[in-house]
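Heads up, the sequence shown is in full-length UniProt numbering, so the first residue is 1 and it goes up one at a time.
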Amino acid sequence: MSTFLWGTATAAYQIEGAVTEDGRGPSIWDTFTREPGRVRDGHTGDVACDHYHRTAEDIALMSGLGVNAYRFSISWPRVLPAGTGPINPRGLAFYDRLVDDLLAAGITPVPTLFHWDLPQPLQDRGGWLNRDTGAAFADYATAVATRLADRVETWITLNEPFVHMAFGYALGVHAPGRALLLDALPAAHHQLLGHGLATRALRAAGAKKVLISNNLTPVWPASADPADLAAADAYDTLHNRLFNDPVLTGAYPDLSAFGKDAPGDDLDVISTPVDGLGVNYYNPTRIAAPAGPGFPFSDAGLPGHPTTAFGWPVVPDGLRELLTGLKDRYGERLPPLYVTENGCSQADTVAADGTVHDPERIAFLDGHVKAVQRARDEGVDVRGYFVWSLLDNFEWAEGYNQRFGLVHVDFATLRRTPKSSYHWFKAHLGQT
Ligand code: PNW
C-alpha cells in the first residue's frame, strides 16, 4: 500500500506574484485582471503572496505542519513565455529548485500543469477553443517532465476543466472572459484532448503517475418531480460526466438535453489510462427545472446548512457520497482517488495577541476528513487529501476578499501567521 498523501494545495497565479520576473510571459489572468470591473476591488496577482521570493518560508510552514505532500501548479508562461517554442531556463529553474527543496524537506511534490493561467499568445489564437492548444499543452508537458520527472513521480494535467470552461468561456466571470454559453463546449473537448496528449507525453518523459483533477459535485434534485429529476440529470452530465466519462470510459455522455452532440472525437487519446482521479470537492448542488430559457436546469440553492464566507453550503457527508458515488458509477474503471482540493473560505483576522482563530475551518476540515474515512470504510480507494489552501491567496474574481488558507497572509506586509486550523490539522494528520 502506498503512503496516504496528506498535503496542502496552491496554484501559481494565486500565490507566486513576480509576474514579469525572470522572463515570465503574460498569462490570460494578467490580461483579465487589468480589465476594469473584472475582479473585485481591481485586485491582481502581480504580488499575490510573493511566494516566488518566499519559497523557503513557505516550505518551512509545510514542514511545521507535518504534511508529506504539496500540490502546486507550474506556470506555463514562466516555462514557455510564448506558449510554444523556446523554453525560458530561469522559469523552469524556479520549479527545479522548488522540487529539490520540497524533497529535501521530505515533502512529495505533486505539480499541476494547468491551473488556468494560459499564456496570452495562445489565447490570442483562440485559447482552448483552438484545437492546436491541446498539442501545445503536450509540448509544454514534455518540456517540464523532461527536466523534473527524475524526481517528480505524480503529475496532474488539468485543474478543473469544468470551471475553466464554465467560468472562463461560457459565463465570462474568469479569464479569458468569454460569455459563449453552450458554444463554450469546444473548450471542454480541447482541454480533454490536451489532457490525453499530455498524459502520453508525461509517460514518455518518465512520469510514473498521471492524474486529472476534476471539481465534482453530488447533484441533488430539488424534488421528485420528473422535471426536477431531468434537470438534475442534465446538470450532472455537464458538471461531472462531461469531464469524467471521456477519460474513464472513452465515451462522451449524451448531451441531447443541451441540444448538442458530443463536442469532438479523439476518445482514444482522451481515454489514455490515468493512474488516479483528482477530486476537488466544495459542496453538493441542488438543481431544479429551468426557470426560463437558456440552460436546461436552474440552481435551487441548498438552504438549511451552515455556509462559508463565500456563501457555499457546508455538507461534509457530500464528500463521502461523491466518492462512493464514483465507485458505484465507474466500478472497475475507477482509478484510485485523491482529494486534490477541499477547504473553505472564512473571514479571519489576526487578534491582538497575534493569533488567528478560525473555528469554522476546523469544523469544516474535521467533518470532511471524517467523510473521507467513511468512504474508505465503504471500500473506496482514496489515497490522498489536500487542503485548499496552504495560504490565503488571490481568489480569482474575488481578489483577496476570500481567505482559504491554513496560514493567514497580511497582504500589506506579506506576513504569514498560522491559524488555529493549521495547528489543528497538524495534530490530526494521519488519523485517517
Ligand atoms: C477551485 N464553484 O475553484 C480552484 O481550483 C481554486 O483555484 C480555487 O481557489 C478554489 O477552488 C476555491 O474557489 C473553484 O463555483 C471555483 O463550484 C468555483 C467553484 C468550485 C471550485
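Positions of the beta carbon are idealized from the N, C-alpha and C atoms, including for glycine. On a predicted model such as this, the values are computed, not experimentally measured, just so you know.
The Cβ atoms of N393 and E341 lie no closer than 8 Å to each other. In this structure, A105 sits away from I74, with a CB-CB distance that is not shorter than 8 Å. Boundaries cannot be given for K260, as no beta strand (DSSP E) includes it and DSSP labels it neither H nor E. Taking non-hydrogen atoms of the ligand PNW into account, the C-beta of Q14 is found less than 7 Å away from one of them. Taking a cut-off of 8 Å for Cβ pairs, the segment 145–158 and the segment 206–219 touch, as three or more such pairs fall below it. Excluding the 5 residues flanking it on each side, H195 has same chain C-beta neighbours closer than 6 Å at T157, L158 and I212, in chain order.
The criterion of a C-beta distance shorter than 8 Å is satisfied by H164 and Q191. Contact annotation, A179 with L171: C-beta distance approximately 6 Å; criterion of less than 8 Å satisfied.
Within 7 Å of the C-beta of W388 there is at least one heavy atom belonging to the ligand PNW. Collapsing the DSSP output to three states places K419 in coil. Of all alpha-carbon atoms in D225, P263, G250 and P226, the one lying nearest the alpha-carbon of L238 is that of P263.
Look at S63 here: in three-state DSSP terms it is helix. If only uninterrupted beta strand (DSSP E) runs of at least 3 residues are considered, those enclosed by the segment 190–218 are 209–215.
The three-state reading of DSSP puts N240 in helix, counting H, G and I together. The segment 17–48 contains, as complete alpha helix (DSSP H) runs of 4+ residues, the segments 28–33 (chain order).
Across the structure, R374 and Y95 are spaced so that their CA atoms are roughly 36 Å apart. Spanning the alpha carbons of A205 and R147 requires a straight line of approximately 9 Å. Sorting G384, L277 and E398 by C-alpha distance to the C-alpha of G311 places E398 at the top. Using a 10 angstroms sphere on the CB of G127, the tally of other CB atoms reaches 16 or more, which defines it as buried. Within the same chain, Cβ atoms closer than 8 Å to the Cβ of P246 are found at L192, Y252, L267, I270 and S271, the five residues on either side in sequence being excluded. C-alpha of Q120 to C-alpha of P176: approximately 9 Å in a straight line.
Collapsing the DSSP output to three states places F364 in a helix.
Around the beta carbon of R97, a 10 Å sphere encloses fewer than 16 other beta carbons of the protein chains shown; the residue is thus reported as exposed. At the C-beta level, A136 and T84 come within 8 Å of one another. Per DSSP, D410 is one residue of the beta strand (DSSP E) stretching across V407 to D410. Per DSSP, Y52 lies in no beta strand (DSSP E) segment and is marked neither H nor E. Within the segment 67–91, the complete alpha helix (DSSP H) segments at least 4 residues long are 76–79, listed from N- to C-terminus. Contact between the segment 224–236 and the segment 20–34 is not established, with fewer than three Cβ pairs separated by less than 8 Å. A distance below 8 Å between beta-carbons, with the five flanking residues on each side excluded, links T249 to the following residues of its chain, in chain order: S271, Y330 and R333. Rounded to whole angstroms, the Cβ separation of L391 and T10 is 7 Å, and the two are in contact under 8 Å. A straight-line Cα-Cα distance of about 9 Å links R383 and R376. Relative to the ligand PNW, F364 has its C-beta separated by 7 Å or more from all heavy atoms. In the DSSP annotation of this structure, the continuous segment of the beta strand (DSSP E) that includes A288 starts and ends at T285 to A288. Between G367 and W6 a beta carbon distance of about 17 Å is seen, past the 8 Å cut, so the two are scored as non-contacting.
In the same chain as Y338, and ignoring 5 residues on each side of it, the C-beta atoms closer than 6 Å to its own belong to G276, G278, R383 and G384, in chain order. Closest option to T108, judged by alpha-carbon separation, among R40, F4, I15 and R90: F4.
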